[in-house]
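Colleague: Numbering (our numbering), first residue to last: 1 to 89. The C-beta atom is built at its ideal place from N, Cα and C for all residues, glycine as well. Since the model is a prediction, treat every value here as computed from it, not as a measurement. Before anything else, here's the structure in question.
Shown next as structure tokens:
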């Protein structure tokens, strides 16, 4: 049994019960190449935040670029897509 304290009250819960507690935000496991993880760690350290938080922020920023700035994921990289205007004949 593991003791978990909630607002001054002690509740006894098993590790399995703790693992099933709802989280504030959904989470996903993401495998990363070591080079990417190293760069993520560097960015997180520079910004004074945990690597997981930095990863979350970068994912949100990428989605914003796709949704609002006309970027697309091409070959695994974000690319700005230019609108091609039809030429009048």
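Roughly how many angstroms separate the alpha carbons of residue 41 and residue 53, rounded to a whole number?
Modeller: Going from the Cα of residue 41 to the Cα of residue 53 covers about 10 Å.
Colleague: Where residue 71 and residue 80 are concerned, what is the direct C-alpha to C-alpha distance, given to the nearest angstrom?
Modeller: Distance between the alpha carbons of residue 71 and residue 80: 4 Å.
Colleague: Report the partner residues of residue 72 according to the DSSP bridge assignment.
Modeller: In DSSP, residue 72 forms a bridge with 79.
Colleague: Leaving out five residues before and five after residue 62 in sequence, what residues of the same chain have Cβ atoms less than 7 Å from its Cβ?
Modeller: Once the five neighbours on either side are set aside, the close Cβ partners of residue 62 are 78.
Colleague: Over what stretch of residues does the alpha helix (DSSP H) that includes residue 34 continue unbroken?
Modeller: Here the alpha helix (DSSP H) through residue 34 covers 34 to 47.
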